[in-house]
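Position 143 of the sequence shown, counting from 1, maps to 216 under the working numbering, and the rest follow consecutively. Just so it is clear, CB atoms sit at the ideal spot from N, CA and C, and this is done for glycine as well.
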Amino acid sequence: MTYAKVLPGSAGLVDLRHLRHFVALAETLHFHRAAERLHLAQPSLSRSIRSLEEELGMPLFLRNQREVRLTSAGAALLPEARLLLAHAARTRRLMQDIGRGDAGVLRIGFVGSTAITLLPRLLRSFRAAHPQVRLELQEMSSAAQTRALLAGQMDVALIRDMEAGPDIRQHSLLKERLLLLVPTGHALAQQAPVPFSLLADADIVLLRREVAPGSYDRIWANCLAHGLQPRILMEMADSNAVLSMVAAGLAVSFLFSSFAQAVRPGVTFLPLQDEMADSEVFLAWQEEIAQQSPALRSFIGLAQSAFPPAD
């Protein structure tokens with residue numbers, strides 16, 4: 074193994090083996106003891122030291138029959154050689170850790186609804202097994218995550234209601250229902266499960282279609298199927314804004330059942346009598362990237378074990 078460190082008088086690369094041999098001899102100042110420490114034959118050690126001196130273009134030791142001493146160049150090289158060897162050892166350990174999935178970076182995208190329970194569950198398990206892997210998390214729409222996966226800007230994604238393309242693998246994590254959100258104390262709370270017909274006169278606030286296209290299309294399709302022209306008060310870019318509008322008593326809305334697991338004062342979640350098709354959350358990744366990343370393969374395996382395919 075070589076290290077691309079240019080030393081004074083060097084023509085280029087210095088072999089790390091020669092540096093290890095140099096440090097052993099510099100610390101013992103005795104060829105026989107240095108060779109024993111290195112588990113090396115003494116003639117091999119002598120050749121290695123000569124090779125290093127030739128590479129550097131200057132003598133590193135003064136030798137005679139009575140003693141071995143460092144030259145001024147050897148004394149100057151010793152601390153630098155120790156630093157280079159320590160850095161090489163750290164680099165080797167880092168590469169070994171990355172190869173085992175115990176180091177490196179894992180870039181994870183997620184839709185906001187998964188941050189309530191699903192994503193924390195996966196992250197807790199992964200962090201316990203791989204504490205040295207740095208996690209980079211980014212909340213994005215499912216469509217944006219798909220683009221990021223294809224562009225190699227994301228390693229793994231938690232997406233909703235997106236079909237896998239030829240370059241993306243998927244594993245189903247869970248299915249969720251859309252629930253109706255009403256202000257606490259709203260009259261509809263007495264009607265649960267709520268039929269769509271009772272929403273004819275309700276002001277509705279929705280997540281924008283580009284944020285949650287699957288749920289947006291389901292809501293409109295079900296309204297039209299029941300002969301309703303929904304009164305959309307506003308469309309929001311963020312689920313927290315939707316919850317705030319409902320808590321303020323301005324409108325009703327729809328969100329996935331995972332949101333019901335987070336306490337939000339002023340908001341009541343109600344089942345719908347006319348249930349819409351379930352929404353499905355997937356783990357998505359590129360197989361080519363997974364083959365190159367032990368950490369990613371570990372994360373995928375953990376998720377598949379925690380959420381096995383339904384029978």
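| Asked | Found |
| --- | --- |
| For Asp347, the three-state DSSP class (helix, strand or coil) | coil |
| Local Cβ density within 10 Å of Met213, reported as buried at 16 or more and exposed below that | buried |
| CA-to-CA distance, Leu252 to Pro344, given in whole angstroms | 5 Å |
| Cα-Cα separation, Asp88 to Ala154 | 11 Å |
| The stretch 306 to 313 / the stretch 359 to 378 touching (three or more Cβ pairs under 8 Å) | no |
| Residue(s) in a DSSP beta bridge with Thr341 | Val255 |
| Leu80 versus Ser119: straight-line alpha-carbon distance, rounded | Only weak support is given to the placement of Leu80: the predicted model assigns it a pLDDT of 47, under 50, and the value that follows is read from those uncertain coordinates. Straight-line Cα distance between these residues: approximately 21 Å. |
| Integer Cβ distance of Leu102 from Arg139, believed to fall under 8 Å | Leu102 to Arg139, Cβ: 11 Å. No contact. |
| Phe380 - DSSP class collapsed to helix/strand/coil | coil |
| Cβ-based neighbour list, Val315, same chain, cut-off 7 Å, excluding 5 preceding and 5 following | Val278, Leu280, Met309, Ser326 and Leu328 |
| Whether Ser352 touches Arg233 by CB criterion (9 Å) | yes |
| Check whether Arg180 and Val229 have beta carbons under 9 Å apart | yes |
| Any C-beta of chain C under 9 Å from that of Gln211 | Judged by its chain identifiers, the structure shown contains no chain C, having just a single protein chain. |
| Assigned exposure category for Gly147 - 16 Cβ within 10 Å defines buried | buried |
| Extent of the continuous alpha helix (DSSP H) run through Gln218 | Ser215 to Leu223 |
| Backbone CA spacing between Met307 and Ala162 [nearest angstrom] | 59 Å |
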